[in-house]
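Q:
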Amino acid sequence: MSPAKSTSATARSVTTAHSVVEPSSRSKRIAATLVIVYAVVTMIPLVWIFLTSIKSPPDSISYPPKILFTPSIEGYCNLFTTRTRQTPEYIASLPEPEGVCDAVTRERNMVIAGPSNFLPRFANSLIIAFGSTFLAVGLGTLAAYGFSRFKVPLADDLLFFILSTRMMPPIAVAIPIYLMYRQLGLSDTALGMMLLYTAVNVSLAVWLLKGFIDEIPREYEEAAMIDGYSRLQAFRKVVLPQATTGIAATAIFCLIFAWNEYAFASLLTSGSAQTAPPFIPTIIGEGGQDWPAVAAGTTIFLVPILVFTILLRKQLLRGITFGAVRK
Amino acid sequence: MADVVLKGVSKSFGKGGSKRAVDGIDLTIADGEFVVLLGPTGAGKTTTLRLIAGIETPDAGTISIGGRPMAGLAPASRDIAFVFQQYSLYPHLTVYENLAFPLRSPARRMNGATIDARVREVARMVRIDHKLENRSTRLSGGEMQRVAIGRALVRRPSIYLMDEPLSSLDAKLRGELRLELKRIQKDLGATLLYVTHDQIEAMTMADRIGILAEGRLVQIGTPREIYADPANLHVAARLGQPHINLLPVGLLPDVPTPPGTKTIGARTEHIALAREAAGNARVDWIEHLGDQNHLHIRLGEQKLVTLADPDMAVSPGDRISLSLKSPLYFGQDGQRLV
């Protein structure tokens with residue numbers, strides 16, 4: 017490297033001499049600006065959703081939109097409760113309100129009738145998304161290991177078939193799946209949704225993870241097997257710890273898909289197994305255009321993915337640049 | 003410790019076994035012996051080791067360790083240790099954990115105190131005890147290979163298999179570790195099969211050297227035998243620095259040769275030189291290596307390289323007379339003629 021470096025330094029002696037490998041401070045500044053601009057553009061909708069969630073309903077639909085406003089918890093109250101309209105006389109006759117939400121609701125001439133469906137729907141989302149991610153990554157890791165290490169007959173064709181499930185929009189198979197699920201009694205069940213998301217994600221998981229496992233030299237397992245471990249033990253003790261980066265990256269992709277999936281969720285679930293994505297839009301129908309409640313639901317909906325991604329951020333970044341710069 | 007016997011071991015790879023990696027190898031390694039397999043890339047050295055280790059299964063032939071036939075036995079139950087050329091350490095573990103890894107295996111199930119004592123003892127032996135808590139990826143190349151050797155030693159297996167363990171190191175470290183490895187092997191009385199393409203490693207460490215070419219064991223003997231008494235051209239060409247000079251018969255008309263000689267092999271010790279204005283050869287070039295000189299000589303159309311004393315007063319262009327003292331003779335098929 018050093019001769020190349022010195023020639024380039026001589027050639028550029030008019031401008032500032034700097035390393036060929038290290039970006040100049042100017043290009044660093046340009047890069048930083050671009051990243052910041054892009055980050056702002058992508059974050060504006062999220063910020064707007066969050067701000068809407070802490071507006072009062074009149075503020076949320078005012079025109080021109082309000083940038084400055086008095087924050088209100090009403091959206092969150094409406095999200096978690098169902099309410100009924102009452103006469104002012106009836107409300108006045110009630111005992112002192114219990115808690116903030118009670119008070120806020122009464123100001124609108126309403127009383128809280130009970131909890132909304134949001135929490136159970138949110139719980140469904142958690143169970144289905146994390147469950148299917150666990151299954152997809154688990155099965156994907158084992159399959160990828162098999163494809164990577166063993167002589168699988170027709171391995172290339174099998175891998176192609178696995179990928180081919182991704183070659184059409186999933187909704188193209190919506191009707192057959194709908195009919196199958198009805199026949200099998202899987203409609204509107206958490207198990208059915210988990211199986212469906214696992215089936216879609218497992219192809220992605222196999223392909224991603226095969227790449228990661230291919231990069232782990234076989235010598236490690238061979239060494240472990242000579243050191244007194246069986247293949248399965250070697251897989252657990254040597255391959256898995258080294259594949260964590262890839263597993264984390266794959267898990268995030270699978271989780272994001274399963275968490276955000278809307279089409280199948282609205283088609284196949286309506287009651288007990290409904291997930292948050294088809295549920296959140298229905299909030300708006302309960303008592304006028306309740307944008308703050310919708311925004312509150314969306315804000316809360318973002319939290320698990322955000323936490324999961326932040327927890328695995330290091331692995332994700334390393335995972336994406338895998339192969340390019342590993343050592 | 004135990005002896006190792008290979009009988010007619012063969013292994014092919016590729017579609018329908020098109021590539022013969024190992025071709026009918028017979029080899030006996032005595033208890034406590036240090037045997038080096040020497041050969042160029044693709045000669046079947048590593049495959050032989052992997053067959054003994056059980057990572058590969060032979061197509062034909064039998065392998066037994068300590069009298070126990072190995073057919074069908076998993077690597078874990080063969081009681082062997084293997085040092086790989088590369089990727090020798092588990093990167094997600096510390097030095098200590100790497101050394102303890104074989105002892106913690108389900109095949110052994112040793113208790114914590116015994117493991118700890120063994121690990122520390124071996125760490126001292128390979129001089130890595132000051133870095134036990136380091137991540138294995140935070141070591142220099144030499145330290146890594148010392149740990150890798152330590153991981154093999156910690157087990158006290160019946161045989162150690164080493165696949166070019168020093169080849170990825172720089173020359174100085176290689177020299178040091180060579181000595182250390184030999185010392186450790188002697189101290190333990192270990193049976194060791196070592197694979198390399200480095201003739202110096204083979205010459206300095208081996209009790210016996212086996213020369214491999216194209217999957218066959220061409221010759222096996224003590225380093226001295228292999229060097230002084232090579233069975234054929236291939237073996238002669240493996241050893242000696244500078245490389246043996248191969249001269250067509252008749253280049254030096256007055257040399258008496260056995261009938262059927264095709265090639266004469268001449269190493270430095272077979273070549274006598276004298277400065278002489280009417281000599282039959284000419285000095286082409288001199289490489290100064292400090293303690294010695296490489297003399298590049300032209301004899302007719304033939305080029306030769308030999309060692310010369312640095313005090314020898316010759317310079318490029320000088321005429322010299324060259325004669326041979328009991329060189330090696332090889333026939334049409336490359337076999338040695340005596």
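Going down the list, the protein sequences come from chains A and B. Numbering-wise (my numbering), the first sequence opens with residue 17 and increments by one. Numbering-wise (my numbering), the second sequence opens with residue 3 and increments by one. We put the CB at the ideal spot given by N, CA and C, even for glycine. Note that this is a predicted model, so its numbers are computed, not measured.
On the CB-based measure, 16 or more other CB atoms within 10 Å of its CB, does B/Q334 come out buried or exposed?
A: Position 332 of the second sequence, counted from the start, is the residue given in the question as residue 334 of chain B. That one is exposed.
Q: For B/L339 and A/M241, what's the separation of their Cα atoms in angstroms?
A: Position 337 of the second sequence, counted from the first residue, corresponds to residue 339 of chain B. Position 225 of the first sequence, counted from the first residue, corresponds to residue 241 of chain A. C-alpha separation (whole angstroms): 47 Å.
Q: Under 8 Å by Cβ, that's how I've got A/V255 and A/Y161 pegged, so tell me the actual separation to the nearest angstrom.
A: The count along the first sequence starts at 1 and reaches residue 255 of chain A at position 239. The count along the first sequence starts at 1 and reaches residue 161 of chain A at position 145. Going by Cβ atoms, the distance from A/V255 to A/Y161 rounds to 7 Å, so yes, they are a contact pair.
Q: On the three-state DSSP scale, how would you describe B/Q221?
A: Translated into the one-based positions of the second sequence, residue 221 of chain B becomes position 219. Three-state DSSP puts B/Q221 in a strand.
Q: Which word fits A/T14, buried or exposed, when buried means at least 16 other C-beta atoms lie within 10 angstroms of its C-beta?
A: Residue 14 of chain A is absent from the model: chain A starts at 17 and stops at 343.
Q: In angstroms, rounded to a whole number, what distance separates the CA positions of A/P136 and A/L284?
A: Indexing the first sequence from 1 puts residue 136 of chain A at position 120. Indexing the first sequence from 1 puts residue 284 of chain A at position 268. Cα-Cα distance, rounded: 17 Å.
Q: Provide the residue span of the beta strand (DSSP E) that contains B/Y196, from first to last.
A: Residue mapping note: residue 196 of chain B aligns to position 194 of the second sequence, counting from 1. From DSSP, the beta strand (DSSP E) with B/Y196 extends over L194 to T198.
Q: Suppose you measure from the CA of B/D320 to the CA of B/S169; what does that come to, to the nearest Å?
A: Residue mapping note: residue 320 of chain B aligns to position 318 of the second sequence, counting from 1. Residue mapping note: residue 169 of chain B aligns to position 167 of the second sequence, counting from 1. Distance between the alpha carbons of B/D320 and B/S169 is about 39 Å.
Q: With a CB to CB cut of under 7 Å and the five nearest residues on each side skipped, what residues in its chain are close to B/K264?
A: Residue mapping note: residue 264 of chain B aligns to position 262 of the second sequence, counting from 1. Once the five neighbours on either side are set aside, the close Cβ partners of B/K264 are V251, F332, G333 and Q334.
Q: Output needed for A/A259: all residues of its chain with C-beta closer than 8 Å, excluding positions within five of it in sequence on either side, in chain order.
A: Against the first sequence, residue 259 of chain A aligns to sequence position 243. Answer for A/A259: T157, L225, F228, I229 and I232, listed in chain order.
Q: Along the region 238-252 of chain A, where does the CB come closer than 7 Å to a CB of chain D? Name the residues.
A: Protein chains A and B are contained in the structure displayed, whereas chain D is not.
Q: With a 10 Å radius around its C-beta and 16 neighbouring C-beta atoms as the bar for buried, classify B/H245 as buried or exposed.
A: As a first step, residue 245 of chain B must be located in the second sequence, where it is residue number 243. Exposed is the call here.
Q: To the nearest angstrom, report how far apart B/A73 and B/G217 are at their CA atoms.
A: As a position in the second sequence, residue 73 of chain B is number 71, starting the count at 1. As a position in the second sequence, residue 217 of chain B is number 215, starting the count at 1. Roughly 20 Å between the two C-alpha positions.
Q: Report the three-state DSSP secondary structure of A/D204 (helix, strand or coil).
A: Position 188 of the first sequence, counting from 1, holds the residue named residue 204 of chain A. Coil, per DSSP.
Q: Can you name the residues of chain B whose CB is closer than 7 Å to the CB of A/P257?
A: Stepping through the first sequence from its first residue, residue 257 of chain A is reached at position 241. Ordered by position in chain B, the residues that pass the 7 Å Cβ test against A/P257 are H94.
Q: Closer than 9 Å, Cβ to Cβ, to anything on chain A: give me those residues from the region 47-59 of chain B, in chain order.
A: From the region 47-59 of chain B, only R52, A55, G56 and I57 have a Cβ closer than 9 Å to chain A.
Q: For A/T214, which residues in the same chain have their Cβ closer than 6 Å to its Cβ, ignoring the five residues on either side in sequence?
A: The residue labelled residue 214 of chain A in the question sits at position 198 within the first sequence. Excluding residues within five positions, the ones whose Cβ falls inside 6 Å are S148, L151 and A152.
Q: Does any residue of chain A have a CB that is nearer than 8 Å to the CB of B/R110?
A: Within the second sequence, the letter at position 108 stands for residue 110 of chain B. Cβ-Cβ to chain A under 8 Å: yes for B/R110.
Q: Can you tell me which of the three DSSP states B/S170 falls into?
A: By one-based count along the second sequence, residue 170 of chain B stands at place 168. Coil at B/S170, not helix or strand.
Q: Of the residues A/F280, A/A145 and A/R234, which one's Cα is nearest the Cα of A/D204?
A: As a first step, residue 204 of chain A is located in the first sequence; it is residue number 188 there, counting from the start. Measuring from the Cα of A/D204, the nearest candidate turns out to be A/F280.
Q: Classify B/Y98: buried if its beta carbon has 16 or more other beta carbons within 10 angstroms, exposed otherwise.
A: For this step, residue 98 of chain B is matched to residue 96 along the second sequence. Buried is the call here.
Q: Please report how far the alpha carbon of A/I299 lies from the alpha carbon of A/I316, in whole angstroms.
A: By 1-based counting over the first sequence, the position of residue 299 of chain A is 283. By 1-based counting over the first sequence, the position of residue 316 of chain A is 300. C-alpha separation (whole angstroms): 14 Å.
Q: Taking the runs of the alpha helix (DSSP H) that are 4 residues or longer, which of them lie wholly in the region 94-178 of chain A?
A: Entirely contained in the region 94-178 of chain A, the alpha helix (DSSP H) runs reaching 4 residues are, in chain order, 104-109, 115-123 and 134-165.
Q: Under the assumption that B/K9 contacts B/T64 (Cβ atoms under 8 Å), give the Cβ distance between them as a whole number of angstroms.
A: Along the second sequence, one-based indexing puts residue 9 of chain B at 7. Along the second sequence, one-based indexing puts residue 64 of chain B at 62. That belief holds up - the Cβ atoms of B/K9 and B/T64 are roughly 5 Å apart, short of 8 Å.
Q: Express the C-alpha separation of B/D189 and B/D118 in angstroms, rounding to a whole number.
A: Translated into the one-based positions of the second sequence, residue 118 of chain B becomes position 116. Translated into the one-based positions of the second sequence, residue 189 of chain B becomes position 187. Rounded to the nearest angstrom, the two C-alpha atoms are 21 Å apart.
Q: Between which residues of its own chain and B/R284 is the CB-CB distance below 6 Å, once the five residues before and five after are set aside?
A: To locate residue 284 of chain B, count along the second sequence from 1; it is residue 282. So the qualifying residues of the chain are R300 and R321.
Q: On the three-pair Cβ rule with 8 Å, is the region 272-279 of chain A touching the region 125-132 of chain B?
A: In short, these stretches do not touch, since the Cβ pair count stays below three.
Q: In the DSSP assignment, what are the bridge partners of A/W223?
A: The sequence position of residue 223 of chain A within the first sequence is 207, counting from 1. DSSP output for A/W223 lists no bridge partner at all.
Q: Check whether chain A comes within 8 Å of B/P167, counting only Cβ atoms and requiring the distance to be less than that.
A: Here residue 167 of chain B corresponds to residue number 165 of the second sequence, with the count starting at 1. Closer than 8 Å: no.
Q: On the three-state DSSP scale, how would you describe A/K330?
A: Reading the first sequence from its first residue, position 314 is the one you call residue 330 of chain A. A/K330: helix per DSSP, three-state reduction.
Q: Taking only beta carbons into account, state which residues of the region 164-175 of chain A come closer than 7 Å to chain B, listed in chain order.
A: The region 164-175 of chain A vs chain B, Cβ under 7 Å: nothing.
Q: Suppose contacts are defined by Cβ-Cβ distances below 8 Å. Is A/A171 in contact with A/F163 by that definition?
A: Within the first sequence, residue 171 of chain A is the residue found at index 155, counting from 1. Within the first sequence, residue 163 of chain A is the residue found at index 147, counting from 1. Closer than 8 Å, so yes.
Q: From B/V6 to B/L163, what does the alpha carbon distance come to, in whole angstroms?
A: To locate residue 6 of chain B, count along the second sequence from 1; it is residue 4. To locate residue 163 of chain B, count along the second sequence from 1; it is residue 161. For B/V6 and B/L163, the distance between alpha carbons rounds to 11 Å.
Q: Using the C-alpha atoms, what's the distance from B/H272 back to B/G152?
A: For this step, residue 152 of chain B is matched to residue 150 along the second sequence. For this step, residue 272 of chain B is matched to residue 270 along the second sequence. Rounded to whole angstroms, B/G152 to B/H272 spans 42 Å at the Cα level.
Q: Can you tell me which of the three DSSP states B/N136 falls into?
A: In the second sequence, residue 136 of chain B corresponds to position 134, counting from 1. The answer is coil: DSSP assigns B/N136 none of H, G, I, E or B.
Q: Could you pull the DSSP bridge partners for B/F36 from this structure?
A: The residue labelled residue 36 of chain B in the question sits at position 34 within the second sequence. B/F36 pairs with B/L194.
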